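Colleague: Take this structure, written in structure tokens, and hold onto it; I'll ask about it next.
There are 2 protein chains.
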Amino acid sequence: MSERIWTAALVVIGDEILSGRTQDRNIAQLATWLNVQGIRLAEVRVVPDVQEAIVEAVNTLRARNDYLFTTGGIGPTHDDITVDAIAAALGVGVTIHPAARAVLERYYETRGGITDARLRMARVPEGAELIVNRVSGAPGIRHGNIFILAGVPHIAAGMLDALTGTLEGGRPVLSRTVGSWVAESEIADFLGTTERAHEGVAIGSYPFFRDGRTGANFVVRATDRATLDACAEALIAGLTSKGLEAVDGGI
Amino acid sequence: MSERIWTAALVVIGDEILSGRTQDRNIAQLATWLNVQGIRLAEVRVVPDVQEAIVEAVNTLRARNDYLFTTGGIGPTHDDITVDAIAAALGVGVTIHPAARAVLERYYETRGGITDARLRMARVPEGAELIVNRVSGAPGIRHGNIFILAGVPHIAAGMLDALTGTLEGGRPVLSRTVGSWVAESEIADFLGTTERAHEGVAIGSYPFFRDGRTGANFVVRATDRATLDACAEALIAGLTSKGLEAVDGGI
Numbered sequence: 000m001s002e003r004i005w006t007a008a009l010v011v012i013g014d015e016i017l018s019g020r021t022q023d024r025n026i027a028q029l030a031t032w033l034n035v036q037g038i039r040l041a042e043v044r045v046v047p048d049v050q051e052a053i054v055e056a057v058n059t060l061r062a063r064n065d066y067l068f069t070t071g072g073i074g075p076t077h078d079d080i081t082v083d084a085i086a087a088a089l090g091v092g093v094t095i096h097p098a099a100r101a102v103l104e105r106y107y108e109t110r111g112g113i114t115d116a117r118l119r120m121a122r123v124p125e126g127a128e129l130i131v132n133r134v135s136g137a138p139g140i141r142h143g144n145i146f147i148l149a150g151v152p153h154i155a156a157g158m159l160d161a162l163t164g165t166l167e168g169g170r171p172v173l174s175r176t177v178g179s180w181v182a183e184s185e186i187a188d189f190l191g192t193t194e195r196a197h198e199g200v201a202i203g204s205y206p207f208f209r210d211g212r213t214g215a216n217f218v219v220r221a222t223d224r225a226t227l228d229a230c231a232e233a234l235i236a237g238l239t240s241k242g243l244e245a246v247d248g249g250i
Numbered sequence: 000m001s002e003r004i005w006t007a008a009l010v011v012i013g014d015e016i017l018s019g020r021t022q023d024r025n026i027a028q029l030a031t032w033l034n035v036q037g038i039r040l041a042e043v044r045v046v047p048d049v050q051e052a053i054v055e056a057v058n059t060l061r062a063r064n065d066y067l068f069t070t071g072g073i074g075p076t077h078d079d080i081t082v083d084a085i086a087a088a089l090g091v092g093v094t095i096h097p098a099a100r101a102v103l104e105r106y107y108e109t110r111g112g113i114t115d116a117r118l119r120m121a122r123v124p125e126g127a128e129l130i131v132n133r134v135s136g137a138p139g140i141r142h143g144n145i146f147i148l149a150g151v152p153h154i155a156a157g158m159l160d161a162l163t164g165t166l167e168g169g170r171p172v173l174s175r176t177v178g179s180w181v182a183e184s185e186i187a188d189f190l191g192t193t194e195r196a197h198e199g200v201a202i203g204s205y206p207f208f209r210d211g212r213t214g215a216n217f218v219v220r221a222t223d224r225a226t227l228d229a230c231a232e233a234l235i236a237g238l239t240s241k242g243l244e245a246v247d248g249g250i
């Protein structure tokens, strides 16, 4: 019986990513966090601060994944349109969440007080709950299987931390890395054969160039520990038999 | 008369990005390069090493953008399926490109010689041209308005360098950054008003947290220099009139 695979998608919202001004860090951060929850990041889209683009991405991706995350566009300024766009995607209205309002009033008490602009950050799609923000004022938002996170990576990290262990997932994906000073093209056939010989395992090959030499890391992934180890051992044995040094990077 | 806007999309291909193992650097790198060519990066998708996922992304995005770029999946190993997937998306066959073969034979002459696996990197969708790779062996591939680049960022950078100035675009997007020690929520209304008062300009607001203080960078973007400067000056004047220091970060 094949194992149920839980998937998530991410919509990164923001002109600053598409303009190259800001280097995205949320894709890798979310992916790593999801692995631990036993959920696979299946696809990502980066879209501009344009409502139709957000709606299209959100509706397509939420229909075919167990979870949908967004990052960015939940601040107080005119270019922060994520809440409105997701409400439009869901066909619901936008409302001020009383608990979010209370959080913001408390947060801004010593910071100049609440204003209309700041109150924008208490707006949520109707039917939403809040995700605790341990880092700054405005909370994240959960609406069913949609998770609306901040764009600033360390704030998003805090929101993910608050969600840890609350999402249903499968077994975490385990990985083991084997490194070798070899051009991947030299052992490409061996890699393919080894992967096919171990069901439920995927081997990724990632070349690197260091000190003028060529090497590659082979990342073995599986949800089952014994299967993972059997494949990694076969990889190491095969490399060694070819006279190559295989460095077991472990888990 | 409104200006023709040239757009490009990017498909980032690779399980290593979706697993969080590798931090993508190609989105920001391509975006920055495209700005200089007068082309806007309009959307990005990150897809796994799965043919149907690549085909869907490539066909959707090439239909609605002037250019389509892909990064990743053009190496010699079993998980490198970009060429086959793009050929499938285009409905053409895959062929060995004679010039790519010659490049690889020369490159591997002193590196153990050409092999079947290495020859995989000479495979292109029928009708393709090559993009020079100044960094390592395997070239990039151009098929009409599709540009197939390496996933390793410094190799992709070399391929972009080889393409510099060869693509038709509009006027480059210019930007000017104004920084201030202010919470963006304090001046959100002013930002919106200023943007609306200057047609053809977009203002992005990007908060930061440094030394325990809150600040924000306001990035003004436009293709016309005079319009850009007028908006930036209005922004600086407005901030100053509110008793805030405005740091003109320039272009």
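Those protein sequences? They're chains A and B, same order as listed. According to numbering that gives the first Met the number 0, the first sequence is numbered sequentially starting from 0. According to numbering that gives the first Met the number 0, the second sequence is numbered sequentially starting from 0. Quick reminder that beta carbons are idealized off the backbone N, C-alpha and C, glycines included. Note that the structure is a prediction, hence the values are computed from the model and not measured.
Is the beta carbon of I12 (chain A) closer than 8 Å to that of T70 (chain A)?
Modeller: For T70 (chain A) and I12 (chain A), yes; Cβs fall inside 8 Å.
Colleague: Of all the residues that make up the stretch 36-69 of chain A, which are near chain B by a beta-carbon distance shorter than 9 Å?
Modeller: Here the close residues are R39, L40, A41, E42, V43, R44, V45, V46, P47, D48, A52 and A56.
Colleague: Do you know offhand how far V54 (chain B)'s Cα is from H142 (chain A)'s?
Modeller: Whole-angstrom Cα-Cα distance: 31 Å.
Colleague: Are the beta-carbon atoms belonging to D247 (chain B) and V200 (chain B) less than 8 Å from one another?
Modeller: Taking 8 Å as the Cβ cut-off, D247 (chain B) and V200 (chain B) do not qualify as a contacting pair.
Colleague: So, are the CB atoms of S179 (chain A) and G203 (chain A) less than 8 Å apart?
Modeller: Not in contact: S179 (chain A) and G203 (chain A) (Cβ atoms no closer than 8 Å).
Colleague: Check whether the stretch 9-25 of chain B touches the stretch 226-241 of chain A, counting contact only when three or more Cβ pairs, one atom from each stretch, lie closer than 8 Å.
Modeller: They do not touch, by the three-pair rule.
Colleague: For A182 (chain A), return the contacting residues in chain B, with the cut-off set at a CB-CB distance below 8 Å.
Modeller: R110 and G111, listed in chain order.
Colleague: Run through DSSP, which three-state label would N216 (chain B) get?
Modeller: N216 (chain B): strand per DSSP, three-state reduction.
Colleague: Measuring alpha carbon to alpha carbon, tell me which of A:L67, A:R175 and A:G168 ends up nearest N216 (chain A).
Modeller: Closest by alpha carbon: A:R175.
Colleague: Against G249 (chain B), what residues of chain A qualify as contacts under a CB-to-CB distance less than 7 Å, listed in chain order?
Modeller: The contacting residues do not exist; G249 (chain B) stays about 14 Å from chain A at best.
Colleague: So R252 (chain A) packs on L33 (chain A), CB below 8 Å; how close in whole Å?
Modeller: In this structure chain A extends from 0 to 250, so residue 252 (chain A) is not present and cannot be described.
Colleague: Looking at C-beta atoms only, is the number of pairs between the stretch 160-171 of chain A and the stretch 184-195 of chain A that lie closer than 8 Å three or more?
Modeller: The stretch 160-171 of chain A, when compared against the stretch 184-195 of chain A, does not touch it at the 8 Å Cβ threshold.
Colleague: The alpha helix (DSSP H) spanning W32 (chain A) covers which residue range?
Modeller: Unbroken alpha helix (DSSP H) run through W32 (chain A): N25 to Q36.
Colleague: Run through chain B and tell me which residues come within less than 8 Å of E194 (chain A), C-beta to C-beta.
Modeller: Under the 8 Å cutoff, chain B gives H77.
Colleague: Between the C-alpha atoms of I145 (chain B) and L67 (chain B), what's the straight-line distance to the nearest angstrom?
Modeller: About 5 Å.
Colleague: If you pair each beta-carbon of the stretch 145-161 of chain B with each one of the stretch 117-135 of chain B, do three or more pairs fall below 8 Å?
Modeller: Verdict: yes, contact present.
Colleague: Specify the secondary structure class of A127 (chain B) as computed by DSSP and reduced to three states.
Modeller: Correct three-state label for A127 (chain B): coil.
Colleague: Taking the straight line between their C-alpha atoms, what separation do you get for E244 (chain A) and A236 (chain A)?
Modeller: Roughly 10 Å between the two C-alpha positions.
Colleague: So V82 (chain A) packs on P138 (chain A), CB below 8 Å; how close in whole Å?
Modeller: Contact doesn't hold; Cβ gap of about 12 Å is too wide.
Colleague: Using the three-state DSSP reduction, which class does M0 (chain A) fall into: helix, strand or coil?
Modeller: A caution first: M0 (chain A) carries a pLDDT of 43, below 50, which makes its placement in the model too unreliable to give a value.
Colleague: Mind listing the chain A neighbours of I26 (chain B)? Cutoff is C-beta to C-beta under 7 Å, in chain order.
Modeller: In chain order: I16, D23 and V45.
Colleague: Check whether chain E comes within 8 Å of G191 (chain B), counting only Cβ atoms and requiring the distance to be less than that.
Modeller: Protein chains A and B are contained in the structure displayed, whereas chain E is not.
Colleague: Which residue or residues does DSSP assign as beta-bridge partners of A8 (chain A)?
Modeller: BP columns for A8 (chain A) point to A:E42 and A:L67.
Colleague: Between which two residues does the beta strand (DSSP E) harbouring L148 (chain B) extend?
Modeller: First-last of the beta strand (DSSP E) with L148 (chain B): I145 to L148.
Colleague: Would you mind telling me which residues of chain B sit closer than 9 Å to T114 (chain A), beta carbon to beta carbon, in chain order?
Modeller: Correct list: S184, E185, A187 and D188.
Colleague: Quick check for students: name the residue ranges of the alpha helix (DSSP H) that lie wholly in the stretch 216-246 of chain B, counting only runs of 4 or more.
Modeller: DSSP runs (the alpha helix (DSSP H)) wholly in the stretch 216-246 of chain B: 224-240.
Colleague: Could you spell out where the beta strand (DSSP E) holding L173 (chain A) opens and where it closes?
Modeller: That run of the beta strand (DSSP E) goes L173 to S179.
Colleague: Which residues in chain B have a C-beta closer than 9 Å to the C-beta of S204 (chain A)? List them in chain order.
Modeller: Under the 9 Å cutoff, chain B gives G74, P75, T76, H77, D78 and D79.
Colleague: Identify the continuous beta strand (DSSP E) that holds P75 (chain A) and give its terminal residues.
Modeller: First-last for P75 (chain A): undefined, no H or E at that position.
Colleague: Is R20 (chain B) close to chain A? Criterion is C-beta to C-beta, closer than 8 Å.
Modeller: Output row for R20 (chain B): interface = yes.
Colleague: Can you tell me whether I113 (chain B) is helix, strand or coil according to DSSP?
Modeller: Looking at I113 (chain B) - three-state DSSP - the assignment turns out to be coil, as it is neither helix nor strand.
Colleague: Going by the DSSP bridge assignment, what does A201 (chain B) pair with across the sheet?
Modeller: Answer by DSSP bridge pairing, in chain order: B:R220.
Colleague: With a Cβ-Cβ cutoff of 8 Å, do A41 (chain B) and P47 (chain A) count as a contact?
Modeller: Taking 8 Å as the Cβ cut-off, A41 (chain B) and P47 (chain A) qualify as a contacting pair.
Colleague: Does the beta carbon of N132 (chain A) come closer than 8 Å to any beta carbon on chain B?
Modeller: False, the Cβ-Cβ gap to chain B never drops below 8 Å.
Colleague: Give the single residue among B:Y106, B:V151, B:A121 and B:L60 whose Cα lies nearest to the Cα of Q28 (chain B).
Modeller: The shortest C-alpha separation from Q28 (chain B) is found at B:V151.
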